[in-house]
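Novice: Residue numbers (this note's numbering), protein chains in the order written: chain S, 280 to 577; chain B, 15 to 114.
C-beta: ideal position from N, C-alpha, C; glycine also.
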C-alpha cells in the first residue's frame, strides 16, 4: 500500500503544466497564442525513481508521450488541451521475490484557459502576466489489474477523479534572454478510496541566447541555454480517509537544458535533477526526469 | 509605313511607362517582439489580410515590412488590428510606393 501513494504523486507530476506553449520547458509561459491561431506541442517525459529508504527496493520507470494543442480564442485568451500516453513499470520485492507490474495507455485529458492580464510591450522586449485555470477529467482507465490483482493507483493510467488546477505565470522576454516564473496549485480529488495529496508548485526559468551572438537583419534561429528550477510540494495522500505518512513532501529540481527556436519550430530538452528531496516516511525518491520535445506554430 | 513604325514604338514605350506596376509598402514598428516564434505569429496574422504580397520581419529593429499586391491598397487599421490579434503592439507606420 505504501508505495501506491508515492507512485501516484510521481505519475501525476509528469503531466502537470509542463506541456503548454511557450519558452520554459517544465512549466507554462505568459507569451501569447495569437487570436484564431494554433500551436502544437509534443513532449516525451522519461522518469526514473528508485532511491528510497523502503525495504521493498522499489524501482519505478515511467515514460509519457504528451500531446498539447493550444488555440487563441483572441489575443489575450487561449485554450489548451493536453492528452498524455503513459507507460509505467514498477519492480518491487514482495514476500522475498522480485515482482514486475506495469501498465500503459492513454492518460487523463486536461484542458485549461489562460488569460493575459498584464501586457507591457517595448521595442525588443515584453513583460506579461497570465493567470490560468483548468480541469483534468477522468478519461483514462483507472481499474486495471494484473495477475497479482488490481494495480495500485500510481500504476493506473488514470486517477478516476476530476482535478482542478490554477495559477499565475509571468514572463519577461528580451532579444537576449527570457525569464519566466510560475506559482500554481492543483486540487487532486478522491476516487476508489484513494485521495492523492494536493500539489503546490513554484517554478522559475532562465533562457539565455547563445547563438547568434549578434542579431542581423530578418529573423534568425535562436539557440538558448536553459536553466530551470522547480519546487514541488505535495500533501500526504489519504487512503480510505486516513493519512498515509509515507507520502508527500517537498522536492526541488534543477533543470539544465537547451532550446533551439526557429520561426515555426522549437526543439528543446532538459534534465530535471532532484537536488532536494524532503519526502515523508519511506516515500519513493526520484532519480531524474528527462524532458524532450518540440513545438510547432501552424 | 515610315510613319506607322515610330507611332507603334511610341505607343509601346508609353504603355510600358503607364502600366509600370506600383506596390504599396508599409513599414510598421511592432513592440513586444523578441523571438523567432513570435515573429512568425505576427507574419502569419498579417498575411491573412487581403492583398498582402509579402511580409518581412526585422526582429532586431522591431519592424515589419509589408508589401501589397499591385491591385490592392493597404488598410493601416487592419494591419494594426492583425498585429494586436497576434498578441503584440503596433507602433508608428510609414507608407510608400515602389515600382516593380
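Which residue comes first and which comes last in the alpha helix (DSSP H) that contains residue 91 of chain B?
Specialist: 90-99 is the extent of the alpha helix (DSSP H) around residue 91 of chain B.
Novice: So, using beta-carbon positions, are residue 39 of chain B and residue 79 of chain B closer together than 8 Å?
Specialist: Contact: yes.
Novice: Count Cβ pairs between the segment 392-405 of chain S and the segment 422-429 of chain S that sit closer than 8 Å; are there 3 or more?
Specialist: Not touching, per the Cβ criterion.
Novice: Starting from residue 367 of chain S, follow its DSSP beta bridges and name the residues at the other end.
Specialist: Beta-bridge pairing links residue 367 of chain S to S:341 and S:382.
Novice: Compare the C-beta of residue 89 of chain B against all C-beta atoms of chain S and say whether one is closer than 8 Å.
Specialist: False, the Cβ-Cβ gap to chain S never drops below 8 Å.
Novice: Residue 529 of chain S: which of S:552, S:559, S:313 and S:437 sits nearest, CA to CA?
Specialist: Residue 529 of chain S has its Cα closest to that of S:559, out of S:552, S:559, S:313 and S:437.
Novice: For residue 51 of chain B, name the three-state secondary structure that DSSP assigns.
Specialist: Three-state DSSP puts residue 51 of chain B in a helix.
Novice: Please list, in chain order, the residues of the segment 483-505 of chain S that have any C-beta partner in chain B closer than 8 Å.
Specialist: Within the segment 483-505 of chain S, the qualifying residues are 494, 495, 496, 497, 498, 499, 500 and 501.
Novice: Looking at C-beta atoms only, is the number of pairs between the segment 503-511 of chain S and the segment 465-475 of chain S that lie closer than 8 Å three or more?
Specialist: No: fewer than three Cβ pairs fall under 8 Å.
Novice: Which residue marks the beginning of the beta strand (DSSP E) containing residue 409 of chain S, and which one marks its end?
Specialist: Segment 404-415, the beta strand (DSSP E) holding residue 409 of chain S.
Novice: Just to check my reading of the structure: residue 459 of chain S and residue 303 of chain S have Cβ atoms closer than 8 Å, yes? What is that Cβ distance to the nearest angstrom?
Specialist: That belief holds up - the Cβ atoms of residue 459 of chain S and residue 303 of chain S are roughly 5 Å apart, short of 8 Å.
Novice: As a quick exercise: from S:324, S:312 and S:367, pick the residue whose alpha carbon is nearest that of residue 548 of chain S.
Specialist: With distances taken between Cα atoms, residue 548 of chain S lies closest to S:324.
Novice: Does DSSP put residue 114 of chain B in a helix, a strand or coil?
Specialist: In the structure shown, residue 114 of chain B sits in coil (DSSP, three-state: anything other than H, G, I, E or B).
Novice: What are the uninterrupted segments assigned as beta strand (DSSP E) that are 3 or more residues long and contained completely in the segment 467-545 of chain S, given in chain order?
Specialist: Counting whole runs of 3 or more residues, the segment 467-545 of chain S contains the beta strand (DSSP E) stretches 478-490, 501-513 and 528-540.
Novice: So if DSSP puts residue 318 of chain S in a beta bridge, which residue, or which two residues, is it bridged to?
Specialist: For residue 318 of chain S, which the question treats as bridged, DSSP gives the partners S:349 and S:576.
Novice: Does the Cβ-Cβ distance between residue 367 of chain S and residue 389 of chain S come in under 8 Å?
Specialist: Not in contact: residue 367 of chain S and residue 389 of chain S (Cβ atoms no closer than 8 Å).
Novice: Are residue 395 of chain S and residue 407 of chain S touching if we call contact CB-CB under 8 Å?
Specialist: Result yes, Cβ atoms of residue 395 of chain S and residue 407 of chain S sit closer than 8 Å.
Novice: Just to confirm before moving on: does the CB-CB distance between residue 519 of chain S and residue 562 of chain S stay below 8 Å?
Specialist: Result no, Cβ atoms of residue 519 of chain S and residue 562 of chain S do not sit closer than 8 Å.
Novice: What residues from the segment 510-543 of chain S come within 7 Å of chain B, judged by C-beta to C-beta, listed N to C?
Specialist: So the close ones are 540, 541, 542 and 543.
Novice: Just list the residues that DSSP pairs residue 376 of chain S with in beta bridges.
Specialist: Paired residue(s): S:373.
Novice: Of all the CB atoms in chain B, is at least one closer than 8 Å to the CB of residue 453 of chain S?
Specialist: Taking Cβ atoms only, chain B reaches closer than 8 Å to residue 453 of chain S, which makes this a yes.
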